[in-house]
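Using my numbering, the first residue of the sequence shown is number 179, and each one after it goes up by one.
Cβ coordinates follow ideal geometry from the N, Cα and C atoms, glycine included.
Here is the structure we will look at.
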Amino acid sequence: MLKLRAGYGVTGQQDGIGDYAYISNYFIGSQTAQYIFGPDTLLVFRPSGFDANLRWETTTSYNIGLDFGILKDRFSGSVDVYRKITTDLLAVVPVAAGTNFTNEILTNVGSMKNQGIEFSINAGLFANKNSRLDLMANASHNLNRVVKLSQIEDPDAVGVQVGGISGGIGNTVQVHRVGYPTFSFLLFEQLYDQNGQVIQVGQQANIDINNDGQITAADKWKDIHAYVDRNGDGVINIKDRYIYNQSVPNWFLGLSLNYQYKNWSFGASMRSELGGHIYNNIHSNAGTFQSVNGTQGYLNNISSLYYEDEIQKIATNQLLSDHYMEKADFLRMDFFSVGYNFGKLKYFGEKVGLNATFVINNVFVLTNYSGLDPEIGGGIDNNIYPRPRVYSLNLSFDF
Numbered sequence: 179m180l181k182l183r184a185g186y187g188v189t190g191q192q193d194g195i196g197d198y199a200y201i202s203n204y205f206i207g208s209q210t211a212q213y214i215f216g217p218d219t220l221l222v223f224r225p226s227g228f229d230a231n232l233r234w235e236t237t238t239s240y241n242i243g244l245d246f247g248i249l250k251d252r253f254s255g256s257v258d259v260y261r262k263i264t265t266d267l268l269a270v271v272p273v274a275a276g277t278n279f280t281n282e283i284l285t286n287v288g289s290m291k292n293q294g295i296e297f298s299i300n301a302g303l304f305a306n307k308n309s310r311l312d313l314m315a316n317a318s319h320n321l322n323r324v325v326k327l328s329q330i331e332d333p334d335a336v337g338v339q340v341g342g343i344s345g346g347i348g349n350t351v352q353v354h355r356v357g358y359p360t361f362s363f364l365l366f367e368q369l370y371d372q373n374g375q376v377i378q379v380g381q382q383a384n385i386d387i388n389n390d391g392q393i394t395a396a397d398k399w400k401d402i403h404a405y406v407d408r409n410g411d412g413v414i415n416i417k418d419r420y421i422y423n424q425s426v427p428n429w430f431l432g433l434s435l436n437y438q439y440k441n442w443s444f445g446a447s448m449r450s451e452l453g454g455h456i457y458n459n460i461h462s463n464a465g466t467f468q469s470v471n472g473t474q475g476y477l478n479n480i481s482s483l484y485y486e487d488e489i490q491k492i493a494t495n496q497l498l499s500d501h502y503m504e505k506a507d508f509l510r511m512d513f514f515s516v517g518y519n520f521g522k523l524k525y526f527g528e529k530v531g532l533n534a535t536f537v538i539n540n541v542f543v544l545t546n547y548s549g550l551d552p553e554i555g556g557g558i559d560n561n562i563y564p565r566p567r568v569y570s571l572n573l574s575f576d577f
């Protein structure tokens, strides 16, 4: 059996648009912004910023699919190829002074493209009088790209910086930039010494930094020594930050197995994500010597990086370094179950049936990521609550 499918559709998305955000609204000002009029101090109404042309995001979708089944549908599945183009993307962007009643405004500024392939298969691997084994698997590959971000393109624009982190004020480690996936990491390329240790700003240098003919405590590493000067202008700034990689995985895999043998049943479900990356904000914020007590006057928890990275013990944060990036690939078994059907129980006059199932949720996860969990939405690890492992016994009675 073969069946060819094709689809086309247009959908809108208005999430993020506030009430009446497309017209001028006036709100009562704060207590610290009152107007003195004679003997009185009066609250004033202030206008809010608005975009009169604000509209919904629009996503246009195309897909072609093939459904198949062979050996009387003992093996069946589908293949889908798709493309989604989103226009009029909603984003908060800076506006020129004097052109509105705010310095940042929500508006429609760009477009984005997603395209990929999805595959699924259901297979009865074998079956006989006493046993049966079924397999279900799926895989999907998605490529995401920002196509447009502004009304007037600027090839030198940094992009829309997102991905706020702990450890400083206003620091971000991600960006939306034309030609790259959304939420790509924007970081400095870290430099290391001959021992493979991080060169950190303000640390004692082993070369004559100040050119006084001798190496003393006055010789400290500068940012030009700690990071790669990618544009070669002799200054380390945002122009030297580069797109490290994307945070969102581009491969998603799933596998389920069900096996029955006489009255016994076994089940397992696993999934994997490949191609994603994580910025370990736990390490970057709490893996340095200054994190032990800082300026609070009491001890803080520190990350394991404090013990793994010797140079960190005497240094301060370098939050925007790619030193804290890690791969987020993982294989996770979501659940495993073992069940037994006791049939009709003679203790109840053979009128009551019993089926018992023992289930484990979040069985294990295999990954090289050093943090608690590689499956983090947004790609920034910052004090997540660990997933619990749950054991349960389910009893069902048939009357």
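LYS417 carries a helical assignment under DSSP once its states are collapsed to helix, strand and coil. Less than 9 angstroms separates the beta-carbon of PRO359 from that of GLN424. For GLY342, the closest C-alpha among the options LEU364, GLN329, VAL325, ARG355 is that of LEU364. With at least 16 other beta carbons inside 10 angstroms of its own, PHE361 counts as buried. Within 10 angstroms of the beta-carbon of TYR370 lie fewer than 16 other beta-carbons, which makes it exposed. Cβ neighbours of SER202 within its own chain (closer than 7 angstroms, five residues either side excluded): PRO225, PHE228.
When only Cα atoms are considered, ILE385 and LYS398 end up about 9 angstroms apart.
Across the set ASN463, LEU268, ILE283, the C-alpha of ILE283 shows the shortest separation from the C-alpha of ALA274. Its Cα nearest to that of ASN231, the residue VAL287 stands out among HIS461, ASN540, VAL287. Counting of Cβ neighbours within 10 angstroms places GLN378 among the buried residues, the total reaching 16 or more. With a cut-off of 8 angstroms on Cβ pairs, the stretch 314 to 329 is in contact with the stretch 427 to 438, counting three or more such pairs.
In this structure, ASP251 sits near MET179, with a CB-CB distance shorter than 9 angstroms. Contact check for PHE366 against SER499 passes: the beta carbons are separated by less than 9 angstroms. In chain order, ILE538 place their CB closer than 6 angstroms to the CB of TYR569, counting only its own chain and leaving out the 5 sequence neighbours on each side.
Counting along the chain, ASP218 sits inside no alpha helix (DSSP H); it lies in the beta strand (DSSP E) bounded by residues 218 to 220.
Just measuring C-alpha positions, the residue of TYR204, TRP234, ARG233, GLU235 sitting nearest LEU221 is TYR204. Distance from the Cα of ILE263 is smallest, within the candidate group THR237, ASP334, ASN281, VAL356, for THR237. Looking only at ASP551, ARG261, ASP576, the smallest Cα-Cα distance to LYS522 is reached by ASP576. Leaving aside the five residues that flank ASN308 on each side, the residues in its chain whose CB is nearer than 8 angstroms to its CB run, in chain order, TYR439, LYS440.
Cβ atoms of GLY555 and ILE456 stay farther apart than 8 angstroms, at about 11 angstroms.
In this structure, GLY190 sits near GLU235, with a CB-CB distance shorter than 9 angstroms. Take ALA395, set aside five residues on each side of it, and the residues of its chain with a beta-carbon closer than 7 angstroms to its own are GLN382, in chain order.
Comparing alpha-carbon positions, the option among VAL516, LYS529, THR545 lying closest to LEU573 turns out to be VAL516.
The three-state secondary structure of ASN540, taken from DSSP, is strand. Measuring C-alpha to C-alpha distances from SER344 to each of LEU571, PHE508, ASN561 identifies ASN561 as the nearest. Note: ARG224 is bridge-paired with PHE205 in the DSSP secondary-structure output. The DSSP assignment places complete beta strand (DSSP E) segments of no fewer than 3 residues inside the stretch 494 to 534 at 503 to 505, 508 to 523, in order along the chain. DSSP places ASP401 within a helical segment (H, G or I) once states are collapsed to three. A distance below 8 angstroms between beta-carbons, with the five flanking residues on each side excluded, links ASN546 to the following residues of its chain, in chain order: GLU504, LYS505, ASP507. In the three-state DSSP reduction, THR210 falls in the helix class (H, G or I). When the beta-carbon positions are compared, ARG449 and ASP512 come within less than 9 angstroms of each other. Here the C-alpha atom of SER548 lies approximately 32 angstroms from the C-alpha atom of LYS291.
Under the DSSP assignment, SER239 falls in the beta strand (DSSP E) whose first and last residues are 235 to 248.
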